[in-house]
Amino acid sequence: MSSDDDFRQRVRSFLARHGPTEGWMRDEHGRPPPDDAPDEVRVARARRCLSLLFDAGLGAISWPQLYGGQGLSNRHQVIFNEEAAGYALPLDMFIIGVGMCAPTVLAHGTEEQRSRHLPPLLRGDEIWCQLFSEPGAGSDLAAVCCRAEQDTGGWVVNGQKVWTSGAHNAAFGMLLARSDPASSRHAGMTMLIVDMSLPGIEIRPLRQMSGVSRFNEVFFDDCLLGPDAALGEVGQGWRTAITTLMNERVSIGTSNPAGYGHPATVLAAEARRRGRIDDPAIADRISQLMIRERITALLGKRVTEALLAGVQPGPEGSLAKLSGTQVSQASASLALEILGSEAVAWDAADALAASWSTVQCSTPGLSIAGGTDEIMRNLLAERVLGLPREPKRPSNDASESVP
Ligand SMILES: Cc1cc2nc3c(=O)[nH]c(=O)nc-3n(C[C@H](O)[C@H](O)[C@H](O)COP(=O)(O)OP(=O)(O)OC[C@H]3O[C@@H](n4cnc5c(N)ncnc54)[C@H](O)[C@@H]3O)c2cc1C
35 MSSDDDFRQR VRSFLARHGP TEGWMRDEHG RPPPDDAPDE VRVARARRCL
85 SLLFDAGLGA ISWPQLYGGQ GLSNRHQVIF NEEAAGYALP LDMFIIGVGM
135 CAPTVLAHGT EEQRSRHLPP LLRGDEIWCQ LFSEPGAGSD LAAVCCRAEQ
185 DTGGWVVNGQ KVWTSGAHNA AFGMLLARSD PASSRHAGMT MLIVDMSLPG
235 IEIRPLRQMS GVSRFNEVFF DDCLLGPDAA LGEVGQGWRT AITTLMNERV
285 SIGTSNPAGY GHPATVLAAE ARRRGRIDDP AIADRISQLM IRERITALLG
335 KRVTEALLAG VQPGPEGSLA KLSGTQVSQA SASLALEILG SEAVAWDAAD
385 ALAASWSTVQ CSTPGLSIAG GTDEIMRNLL AERVLGLPRE PKRPSNDASE
435 SVP
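Written out as structure tokens, the structure reads:
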């Protein structure tokens, strides 16, 4: 057997051994286990999953050993992803830290920052959050006005961030702040690593329509960061932010936000169960969804393979993000058609309807998180297709921006 086969076998036996006891199995419809547990339980479950992976030599597979990874090849990571796709590993909460912050620390951090932060970040011991959006700076991220002033003791931060996913669980955050008050737009920003337990930081949860509070407002009031907090060059925060944003689109685009391995297959089974599979309109929508699902999977594969081959993610990651969003939203809408009112006002005993109801409430946000659909289309039009740029407005150059 080749070493690839050995590795695949190792991954398979690991998943077969731990999947049933750890609650990582999908049911016969491809559904993941319900995810309505309190946050402390979700964090503990996610950490346990990562620690089991690391104990088995399967955590941070293609990251350098120097920073806590296994030092294996990108091909090994692809093999792992293929085998793990059939399971529901509870690792969503590390998408921001491992998928976005870790590559940014690796690309722009000093050697001290890499050695200090990457090992606990990759192991999930320290959860990270992304402090970019502000009430007046979302699509137009270059309008960031949260202030970071450099003084002899370090950096003093004042201002507000919003929509900060997971800030309440985070040990560290990556903060995009304006360090030169005379600057405007893309110049004069600095990326800073923030210890989220410092005095002068207030985290207020925002309640989402699904009933959970997974993002927050974060207020900085004379919060003092150390002199070594800058990630990347002072005044070059935009450059550092671009690395995070490109990885964000890839992370979101290659994840499975609706939580279903193959939503078209799940919905076909549901339509059959309810005697609706022979309705030509339903059958047509299921086929369309299946095609879009397949295209999205291939887009995701192309982006992941480029990334694993060492190519920095580019604007084409927007295609995977946009396509993944469309599949998730089309699945939610088709579930509503098939399940009817049960997909919004369910019988508590009907776990399938309950889980689709959660999907109904969470998929609209996918058109906003990580850059809106409109901004993704702008980026694809201008940066990938080379179409003429949007006319520039002095106060809103959104085609350059976007978290
Ligand atoms: C679930 C979720 C999680 C999030 N997590 C985080 C996080 O962890 N950290 C973080 O920093 N942020 C996070 N965000 C915030 C997210 O990045 C912003 O909401 C997003 O970038 C949009 O910004 P905005 O809300 O200010 O909307 P706006 O930028 O005000 O946009 C309003 C509308 O105008 C449209 N629009 C704006 N400019 C243009 C243009 N040039 N052309 C065409 N249409 C345009 C937009 O598409 C949108 O429909 C999260 C958001 C969601 C929904």
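Add 34 to a position in the sequence shown, counting from 1, and you land on the number used in my numbering. We put the beta carbon where it would ideally sit given N, CA and C, even for glycine. Since the model is a prediction, treat every value here as computed from it, not as a measurement.
Under the three-state reduction of DSSP, Ile329 is assigned to helix. Between Gln394 and Leu370, the C-beta spacing is below 8 Å. Assignment of Phe254 by DSSP, reduced to helix, strand and coil, places it in the strand class. Not a single heavy atom of ligand 1 lies less than 7 Å from the C-beta of Gly351. A distance criterion of 7 Å places the beta-carbon of Ala275 beyond contact range of ligand 1, judged by its closest non-hydrogen atom. Per DSSP, the beta bridge partners of Cys163 are Gly207.
Counting along the chain, Gly53 sits inside the alpha helix (DSSP H) bounded by residues Ser37 to Glu56. Within the same chain, Cβ atoms closer than 7 Å to the Cβ of Ala377 are found at Ala369, Leu370, Ala387, Trp390, Ser391 and Gln394, the five residues on either side in sequence being excluded. Non-local beta-carbon contacts of Ala177 in its own chain, meaning distances under 7 Å to residues more than five positions away in sequence, involve Gly170 and Ala171 in chain order. Taken in chain order, the whole alpha helix (DSSP H) runs of length 4 or more contained in the region 237–281 number zero. With the rule of 3 Cβ pairs closer than 8 Å, the region 304–311 does not count as touching the region 322–333.
Each residue's CA atom was taken as its position, placing Leu92 and Arg306 some 39 Å apart.
For Trp197, the secondary structure class from DSSP, reduced to helix, strand or coil, is strand.
At least one heavy atom of ligand 1 lies less than 7 Å from the C-beta of Ala403. Straight-line measurement puts the Cα of Leu226 at about 46 Å from the Cα of Ile320. As a beta-bridge residue in DSSP terms, Tyr121 pairs with Met59. Where Ala78 is concerned, the enclosing alpha helix (DSSP H) starts and stops at Asp73 to Asp89. When beta bridges are read from the DSSP output, Val190 appears opposite Glu183 and Leu258. Put simply, the backbone Cα of Val268 is about 32 Å away from that of Asn108. Between Asn192 and Asp256, the gap from beta carbon to beta carbon is short of 8 Å.
Across the structure, Val190 and Ser173 are spaced so that their CA atoms are roughly 26 Å apart.
In this structure, ligand 1 has no non-hydrogen atom nearer than 7 Å to the beta-carbon of Ser247. Measuring C-alpha to C-alpha distances from Lys195 to each of Glu160, Asn203 and Ile237 identifies Ile237 as the nearest. Under the three-state reduction of DSSP, Val228 is assigned to strand.
Residue environment for Val284: buried (at least 16 other C-beta atoms within 10 angstroms of its C-beta). In this structure, the straight-line span from the alpha carbon of His296 to that of Asp214 is close to 48 Å. DSSP places Arg319 within a helical segment (H, G or I) once states are collapsed to three. Residue side-chain check: Phe253 keeps its Cβ at 7 Å or more from all non-hydrogen atoms of ligand 1. The alpha-carbon of His202 is positioned some 33 Å away from that of Glu339. Looking at the DSSP output, Glu339 shares a beta bridge with no other residue. Under a 10 Å Cβ-count criterion, Thr397 is classified as buried, with 16 or more other Cβ atoms of the shown protein chains found around its own Cβ. Ranked by Cα distance from Thr299, the options Arg65, Glu56, Pro54 and Arg44 are led by Arg65. In the three-state scheme derived from DSSP, where H, G and I count as helix and E and B as strand, Arg212 is classed as strand. Sorting Pro137, Arg150, Leu259 and Ser199 by C-alpha distance to the C-alpha of Gln164 places Ser199 at the top.
Approximately 5 Å separates the beta-carbon atoms of Leu155 and Ala136; this is inside 8 Å, confirming the contact. Taking the Cα positions, Tyr101 is about 19 Å away from Gln346.
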